[in-house]
Structures are given as structure tokens and as C-alpha cells.
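Numbering (my numbering), first residue to last: 767 to 1083.
The beta-carbon is built from N, C-alpha and C at its ideal position, and this holds for glycine as well.
See structure below.
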Amino acid sequence: MEAKYKKFLEFDWINSKEWHFYIENDVYPPPPLKKIEYFKRKFYKSKVDPDFDVNYQSPSDNNTSNSNNTNQSTNNSNYNSRNQNPYTNPPPGVNSNLFSILQKAEIFLWGLFSISFVIGFSPLKISALALLSRVIRRVGMPKFNIEFAQHLFLDEHFQILLYNLLFMIDRLNIFVMIPLFITCLMNVSEYFKLNGITIFSKQTDLIYNRRVEIANLRSNVEVGIGFLLVIGILLGLNSILLPIFYWQFLRFKYIVNEDTKITFGKLNNKINNFKNNQSTPSFLRYIIDKIQSFASYLGRTEPTPGQSAGGQNCTIF
């Protein structure tokens, strides 16, 4: 079993799309960081190695893990007793009637969002209400405690809601709507699939079955928008403050969202490979260095106690 455990530790969690989708969508409520190990083991046994023992502890880990075994087993049983489907299990503080109303309201609002440009309604406001309905159904009514805040920040739809609200401070550009349209398609197809609605069944199945790839595509678009906003300053399409705020938002997503980490990791590799290629002209290398420096500046953080006075730049590049 030690060999199987070693393979478990060496599993490529960062690039596993199935793992990212599982922890962000199938596990409800979003677990605190100290519980991630349990869900990794559960996922690994289910998707990678059926013979893997989820309770196995390496001899080198026993000294540090024995004191936590009782609490861990209690937490595991609590998670196992919950229905993980956000469509069928209302979170704390949301009764079944309110849960059903919010579900129907979300789908109605997404439908309204899809025709908002035609009827003249504000698409950002409509999508914000749809996302708020989704967040309440997944996380529950607001509570002023750390556990609720952690679940909230880890929730994918809350992150998209922040994206939505961010663009309300400036003029609306059509390209910023793409991630919201992708979210609309994913949520509506999920609703149709799980509720047995057969209209547009082929399209629904296609989107639902490829939701992991589509979620990663949405992350790629969000990062691309960050660069477009910088260019937008030069073209007068947006204010200088918007890209600064947006890159801080991307930095937040880089910390809590695995799709964003994957996107920046791939982008970083491609940019560095191109920059380090001997055939790349020196002026292009210079431009790339400046863009990377500017992106790092936009995503900078303040130093924390114990860090150097210079602080720590965002590690996305």
C-alpha cells in the first residue's frame, strides 16, 4: 500500500481537470482547506485507483496525524451524510420552498439575460441577480463567521458574481459578457439535464458532458480580458482604474480557483518558451518583459510580517 500511497502523492492534481471540476462542483458545501486531503483521497479511489485505501497513513505521517484522526473521522462522516448535489440539498438557512423559488428565478433570469440586449435591459444587473440566486442556493444565507466566508470565497459562482459587479463601475464592452454567456449556457444546460428537460437535448448533453473544458475556456477568456483592458486604456475603451481592479480580482481567483491557476501556468510556459527562443527578435523580448512586469505590478501584494520590505509580486508570471 505504501507504493500506492506514493503514486497518490505524485498524482498531477494541478492539471487534472476532473479533480478541479469535482472539488468545485460536486462537493457541497466547499470544504475548508484542511479537509481537501480527504476529498483528494476519495476522488483518487473513485477515478484513478479503486484499490487505494482512503484511510491509509504512511508510517512517516503517523506521528503528525494521530492527534487528528478522531476529528477527521467525525468530519468525514458529516460530509458523507450530506447530499452533495446543490440542486437537491438546500444549504443551511434556506428552506425547500425558498430553494425551489431561487432555482426557478435563476433560470428565468438567465433566459432574460440571453435576450437582454434585444429588449434593452441591463445584462449585468440581470446576470448579477441570477448569480446571487445561485450563490444563496449553494452557500446559504449570509452569516458573519469565518467558515461561511471561506465557503463563499471558494464558490465558483460567487467569484463570477464579483467579476460581474466589477464591470458595473465602467462602461460596458461586449467582450466582457463572454464569461457570463458561458456561465449562462453551463447553468441552463445543467438545469435541463438534471431535471429531465428534453428541449435542445443534443446541445444540453454536449455542454453538460464537456463542462470541465468549458469552465477552463471561461478562465482563458477571463485572463485574456485582463490584457484587453490594458490595451483598452490606450484606445480609450475603459478607464485606467478598471484593469488595476481587474488584475487584483484575477490575483484573488489565482489563489482560490484551479482553472485560473492552470490558465496562467499554460500562458506562462508559452510566453517564456517564445521569449527564450533564440529566433525571437530582441525587441519582442523587451516588449514581453515589459508586459510581464506590468502584469506583475497590477497584481502586486503588500508585504506581510516577516517578508522583505519590497513585498511579494503576484506569482502568475
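Secondary structure of residue i, DSSP reduced to three states
{"i": "Q823", "result": "coil"}
{"i": "K808", "result": "helix"}
{"i": "D921", "result": "coil"}
{"i": "S888", "result": "coil"}
{"i": "S893", "result": "helix"}
{"i": "T964", "result": "coil"}
{"i": "S782", "result": "coil"}
{"i": "L938", "result": "coil"}
{"i": "V901", "result": "helix"}
{"i": "N953", "result": "helix"}
{"i": "E776", "result": "helix"}
{"i": "N911", "result": "coil"}
{"i": "N1035", "result": "helix"}
{"i": "D817", "result": "coil"}
{"i": "N930", "result": "helix"}
{"i": "P858", "result": "coil"}
{"i": "I1057", "result": "helix"}
Cβ-based burial, residue i [other Cβ within 10 Å; buried from 16]
{"i": "Q969", "result": "exposed"}
{"i": "Q1044", "result": "exposed"}
{"i": "Y788", "result": "buried"}
{"i": "A896", "result": "buried"}
{"i": "N911", "result": "exposed"}
{"i": "T840", "result": "At T840, the pLDDT of 38 sits below 50, so the modelled position is not reliable; the number obtained from the coordinates is stated separately. It counts as exposed."}
{"i": "K870", "result": "exposed"}
{"i": "S1048", "result": "exposed"}
{"i": "I902", "result": "buried"}
{"i": "V884", "result": "exposed"}
{"i": "N1004", "result": "buried"}
{"i": "A915", "result": "exposed"}
{"i": "L960", "result": "exposed"}
{"i": "S862", "result": "exposed"}
{"i": "L752", "result": "The structure shown has nothing for residue 752, since the chain only spans 767 to 1083."}
{"i": "N1023", "result": "buried"}
{"i": "F958", "result": "buried"}
{"i": "K1056", "result": "exposed"}
{"i": "L972", "result": "exposed"}
Where the alpha helix (DSSP H) containing residue i begins and where it ends
{"i": "Y788", "result": "Taken as a continuous stretch (DSSP letters only), Y788 belongs to no alpha helix (DSSP H), as it is neither H nor E."}
{"i": "V1084", "result": "Within the shown structure, residues of the chain are numbered from 767 to 1083, placing residue 1084 beyond reach of any answer."}
{"i": "L1007", "result": "1007-1022"}
{"i": "N863", "result": "862-880"}
{"i": "Q1101", "result": "Beyond the ends of the chain as shown, which are 767 and 1083, falls residue 1101; an answer cannot be given."}
Beta-carbon gap between residue i and residue j smaller than 8 Å
{"i": "M934", "j": "L890", "result": "yes"}
{"i": "E988", "j": "Y974", "result": "no"}
{"i": "I999", "j": "P1009", "result": "yes"}
{"i": "L983", "j": "I948", "result": "yes"}
{"i": "F1015", "j": "L932", "result": "yes"}
{"i": "R904", "j": "P857", "result": "yes"}
{"i": "S893", "j": "L946", "result": "yes"}
{"i": "K783", "j": "V978", "result": "yes"}
{"i": "V820", "j": "K811", "result": "yes"}
{"i": "V860", "j": "G906", "result": "yes"}
{"i": "G992", "j": "Y1012", "result": "yes"}
{"i": "I1037", "j": "I1053", "result": "no"}
{"i": "K770", "j": "D817", "result": "yes"}
{"i": "D921", "j": "A981", "result": "no"}
{"i": "I873", "j": "V954", "result": "yes"}
{"i": "T1029", "j": "S1059", "result": "no"}
{"i": "Q925", "j": "K1027", "result": "no"}
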